[in-house]
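Numbering (my numbering), first residue to last: -18 to 531. From the three backbone atoms N, C-alpha and C, an ideal C-beta is built for every residue, glycine too.
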Amino acid sequence: MTARARTLTPGLVSALSPSATGSPAAGATGSTGPSSRPTDGPARVVVDLDLPGATISRHLYGHFAEHLGRCIYEGFYVGEDSEIPNTRGIRDDVVAALRALQIPNLRWPGGCFADDYHWKDGIGPREQRPRMVNSHWGDIVEDNSFGTHEFMDLVELLGTEAYVNGNVGSGTVAEMSEWIEYLTRADDSPMASLRRENGRDEPWKVPFFGIGNEAWGCGGNMRADDYAALARQYSTYVRDQGGDPGNTVTRIAAGASDDDFAWTEALMRAVTNLDEREGRAGPYQAISMHYYTMSGPWGDKGSATEFSEEEWYRTLSRAARAEELVARHATVMDHYDPHKKVGLVFDEWGTWWNVEPGTNPGFLYQQNTVRDALVASIHFDGFHRHADRLMMANIAQTVNVLQAMILTDPDTGALVLTPTYHVFAMNAGHQDARALAAHVLLPEEPAEVDGRVLPMISASASTTGSTALISLSNLDHAQERTLVLDLRGRTVTGHTARVLTGATSAAHNTPDQPDAVAPAELTDVREHDRGLEITLPAHSFVTVELQLGA
Ligand code: AHR
């Protein structure tokens, strides 16, 4: 039997219960879950500064832009004739705000849209481009004025890396094969020549390519094994072009929703070259997963701005579930892939609320409060703990859709940075740093919320060698929390701290009040025998940067 034919027994899949793979109780080491240990003393976060673990890929801070609502059009792209300052139609203020975040990658064009998208409709003179119906998102007509060249221009303006998502659901193998040739081939091949006719001489770099999206749903309603076979076939034709070692593509198979571990298992069974330590896995090198956080059921996800204390805690508990899911998908992957050659790509995550009243239900426009900021910080804490398997993550979505970094006013065009944006900014120092375990010790028994133990402090840490960054979230809706940072293993020679909170847990930013929720310096950080003592305001996110001695 080959490695490919090995199967996890159904019993093993069902045995991957939270307690087997990183429940709060099992996660007391800080390496597997949002965890806390009881302590008699003050609340403590213990960090071993001299024991760096896996590198936290910068790609865990990735982004996603779909042809959905006002994300691409109005959000990123306003056209060259717009009064809003732009470069070749792309908003300058949006680019500047995202460059400040050092966004490492951008996924495009979907999402569900990707499996309806035919890339050749989006090249050549704009006035001659065919139109199509965006059937998933508002059933509106898409004029294809933002296509491959505009996206790659955006990528270059942002100084980021491209994650292009291909079409399996309604596309062809040839179409996908030609797209990667068009994008990345240098010589005078047919597609490279076509690219030149359209004004671009040099090939672009496309390090990440998605093989369809949500194939179990909007991407074709497929069964796992049927899709796995297609993923092998399509991936084969997404070739590394022209022998340029800098243009090696990581192919990402469309992965599971939520806790569909059987889907992950089917994809892992279909990967080859996993037993040998050497060489790449193939024909795809990564698989994705999607999970969204909401406070209600799918049919009534809850308001973004009007929520009870109970909904606050339920939301944060559901955000913490993301880490549990990562741990359990990773456990399935470990069974097939002991050398960790296949990356896990969490390429859709974040809050999904009912749309703002009065907006198009198909456009998924929602506000973004302190609660969203803590949903993000909880996700990042979990991502850092699973940096050995998690290769990339992409919040959904960057501008004007779901848990956005940036909201733009439809009438005036005014730009607002959301609380979630500020979490990305405050956490930027974790990118490509090495994870440090952060053990949370709390005086009280943590409460159970929505079937999950939810400690009131979430924490993670990393080091670059000469510095360390500690992220701390106070999930308590109403109470401030004083805790000791118990810093071991290295000398701390200096520190600075920042805090993000609002007057209420539902505080958010608007064009009239753009800084209702904005980071501020936290000066009241006290020296303590064990390290530092710090008070986190209720519903707040804090980062502490340490300078380390030898
Ligand atoms: O992000 C919005 C949608 O959510 C995406 O298009 C789809 O992949 C997912 O269901």
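Worksheet item: Can you check whether the CB of Ala414 is closer than 8 Å to the CB of Thr393?
Response: To locate residue 393, count along the sequence shown from 1; it is residue 412. To locate residue 414, count along the sequence shown from 1; it is residue 433. The Cβ-Cβ distance between Thr393 and Ala414 does not fall below 8 Å.
Worksheet item: By Cβ distance below 6 Å, which residues in the same chain neighbour Leu466 in space, the five residues on each side in sequence not counted?
Response: For the purposes of this step, residue 466 is identified with residue 485 of the sequence shown, where counting begins at 1. The answer, listed in chain order, is Val26, Gly512, Leu513.
Practice prompt. Name, in chain order, the residues that DSSP records as bridge partners for Gly263.
Written response: Translated into the one-based positions of the sequence shown, residue 263 becomes position 282. Partner residues in the beta bridge of Gly263, as assigned by DSSP, are Thr253.
Practice prompt. Count the other CB atoms, across all protein chains shown, that sit within 10 Å of the CB of Gly227; report buried if there are 16 or more and exposed otherwise.
Written response: Your numbering for residue 227 matches position 246 in the sequence shown. Burial check for Gly227: the Cβ neighbour count within 10 Å stays below 16, so the residue is exposed.
Worksheet entry | Cβ-based neighbour list, Tyr302, same chain, cut-off 7 Å, excluding 5 preceding and 5 following | Here residue 302 corresponds to residue number 321 of the sequence shown, with the count starting at 1. As written in the sequence, residue 302 is Arg, which differs from the Tyr given in the question. Within the same chain, Arg433 come within 7 Å of Arg302 by CB-CB distance, once the 5 residues on both sides are set aside.
Worksheet item: Which same chain residues, not among the five before or five after Val336, have their C-beta less than 8 Å away from its C-beta?
Response: Your numbering for residue 336 matches position 355 in the sequence shown. Correct list, in chain order: Pro342, Phe344, Leu345, Tyr346, Gln347.
Worksheet item: What do you reckon, is the C-beta of Ala301 under 7 Å from a heavy atom of the ligand AHR?
Response: The residue you call residue 301 lines up with position 320 of the sequence shown. No, since every heavy atom of the ligand AHR falls outside the 7 Å radius drawn around the Cβ of Ala301.
Worksheet item: For Glu508, which of helix, strand or coil comes out of DSSP?
Response: The count along the sequence shown starts at 1 and reaches residue 508 at position 527. Three-state DSSP puts Glu508 in a strand.
Item to complete: Can you give me the Cβ contacts of Ala395 inside the same chain, cut-off strictly under 6 Å, excluding the 5 residues immediately before and after it?
Response: Here residue 395 is taken as the residue at index 414 of the sequence shown, counted from 1. Same-chain partners within the cutoff: Pro492.
Practice prompt. Take the Cβ of Ala234 as the centre, count every other Cβ of all protein chains shown within 10 Å, and call the residue buried at 16 or more, exposed below.
Written response: Residue numbering aside, residue 234 sits at position 253 when the sequence shown is read from its first letter. Buried, because 16 or more other Cβ atoms sit within 10 Å of the Cβ of Ala234.
Item to complete: Within its chain, find whatever has a CB closer than 6 Å to the CB of Met203; leave out the 5 residues flanking it on each side and keep chain order.
Response: Taking the sequence shown and counting its residues from 1, one reaches residue 203 at position 222. Only Ala196 meet the Cβ criterion.
Worksheet item: Is His271 near the ligand AHR, in the sense that its beta carbon is under 7 Å from a heavy atom of that ligand?
Response: Here residue 271 is taken as the residue at index 290 of the sequence shown, counted from 1. Answer for His271: yes, Cβ within range of the ligand AHR.
Practice prompt. Measuring alpha carbon to alpha carbon, tell me which of Asp221, Arg462, Gly260, Asn67 ends up nearest Leu422.
Written response: Against the sequence shown, residue 422 aligns to sequence position 441. Taking Leu422 as reference, the option from Asp221, Arg462, Gly260, Asn67 with the minimal CA-CA separation is Arg462.
Practice prompt. Quick one: measure Cβ to Cβ for Leu322 and Ala247, integer angstroms, because I've assumed they're closer than 8 Å.
Written response: Taking the first residue of the sequence shown as position 1, residue 322 is located at position 341. Taking the first residue of the sequence shown as position 1, residue 247 is located at position 266. The amino acid occupying residue 322 in the given sequence is Lys; Leu does not appear at that position. That pair is no contact at about 18 Å.
Worksheet item: Which one or two residues does DSSP pair with Phe189 in a beta bridge?
Response: Against the sequence shown, residue 189 aligns to sequence position 208. Looking at the DSSP output, Phe189 sits in a beta bridge with Tyr144, Thr231.
Item to complete: With distances taken Cα to Cα, identify the nearest neighbour of Ile268 among Glu292, Gly260, Val382, Val313.
Response: For the purposes of this step, residue 268 is identified with residue 287 of the sequence shown, where counting begins at 1. Ranked by Cα distance from Ile268, the options Glu292, Gly260, Val382, Val313 are led by Val313.
Worksheet item: In three-state DSSP terms, what is Ser284?
Response: Numbered from 1 along the sequence shown, position 303 holds the residue referred to as residue 284. Coil, per DSSP.
Fill in: Heavy atom of the ligand AHR within 7 Å of Phe522 beta-carbon
Within the sequence shown, the letter at position 541 stands for residue 522. For the ligand AHR, not one heavy atom lies less than 7 Å from the Cβ of Phe522.
Fill in: Close-in-space but distant-in-sequence residues of the same chain around Glu159 (CB under 7 Å, 5 per side omitted)
For this step, residue 159 is matched to residue 178 along the sequence shown. Within the same chain, and ignoring the five residues on either side of Glu159 in sequence, the residues whose Cβ sits closer than 7 Å to its Cβ are Met172.
Worksheet item: So what does DSSP say about Asp467, is it helix, strand or coil?
Response: If you number the sequence shown from 1, residue 467 lands on position 486. The answer is strand: DSSP assigns Asp467 an E or B state.
Worksheet item: What residue does the alpha helix (DSSP H) around Trp556 start on, and which one ends it?
Response: Residue 556 cannot be examined here, being either before or after the span of the chain that is shown, -18 to 531.
Worksheet entry | Classification of Ser532 by the beta-carbon crowding that lies within 10 angstroms, buried from 16 upward | Limits of the chain in this structure are -18 at one end and 531 at the other, which puts residue 532 out of reach.
Worksheet entry | Inter-residue spacing [alpha-carbon to alpha-carbon] between Val145 and Tyr265 | Mapped onto the sequence shown, residue 145 falls at position 164. Mapped onto the sequence shown, residue 265 falls at position 284. Approximately 14 Å, taken between the alpha carbons.
Discussion item. Can you give me the C-alpha to C-alpha distance between Arg258 and Pro319, rounded to a whole angstrom?
Written reply: Along the sequence shown, one-based indexing puts residue 258 at 277. Along the sequence shown, one-based indexing puts residue 319 at 338. C-alpha separation (whole angstroms): 9 Å.
Worksheet item: Are there 16 or more other CB atoms within 10 angstroms of the CB of Glu178, so buried, or fewer, so exposed?
Response: Taking the first residue of the sequence shown as 1, we reach residue 178 at position 197. It is exposed - the Cβ of Glu178 has fewer than 16 other Cβ atoms within 10 Å.
Discussion item. With distance defined between alpha-carbon atoms, name the residue in Val506, Phe405, Ile451, Asp102 nearest to His420.
Written reply: Looking up residue 420 in the sequence shown gives position 439. Among Val506, Phe405, Ile451, Asp102, the Cα nearest to that of His420 is on Ile451.
Item to complete: Assign Thr524 to one of two classes, buried (16 or more other C-beta atoms within 10 Å of its C-beta) or exposed (fewer than that).
Response: Numbered from its first residue, the sequence shown carries residue 524 at position 543. Its Cβ being crowded by 16 or more others within 10 Å, Thr524 is buried.
Item to complete: Work out the CA separation of Gly92 and Leu456 for me, nearest whole Å.
Response: Along the sequence shown, one-based indexing puts residue 456 at 475. Along the sequence shown, one-based indexing puts residue 92 at 111. Using only the alpha carbons, I get a separation of about 31 Å.
Worksheet item: For the candidate residues Arg213, Gly224, Ala478, Ser238, whose alpha-carbon lies nearest to that of Arg250?
Response: The count along the sequence shown starts at 1 and reaches residue 250 at position 269. Ranking Arg213, Gly224, Ala478, Ser238 by Cα distance to Arg250 puts Arg213 first.
Worksheet item: Which residues share a DSSP beta bridge with Ile387?
Response: Stepping through the sequence shown from its first residue, residue 387 is reached at position 406. Answer by DSSP bridge pairing, in chain order: Val380, Leu398.
Fill in: Through-space distance from Ala374 to Ala35, alpha-carbon basis
Here residue 35 is taken as the residue at index 54 of the sequence shown, counted from 1. Here residue 374 is taken as the residue at index 393 of the sequence shown, counted from 1. Cα-Cα distance, rounded: 16 Å.
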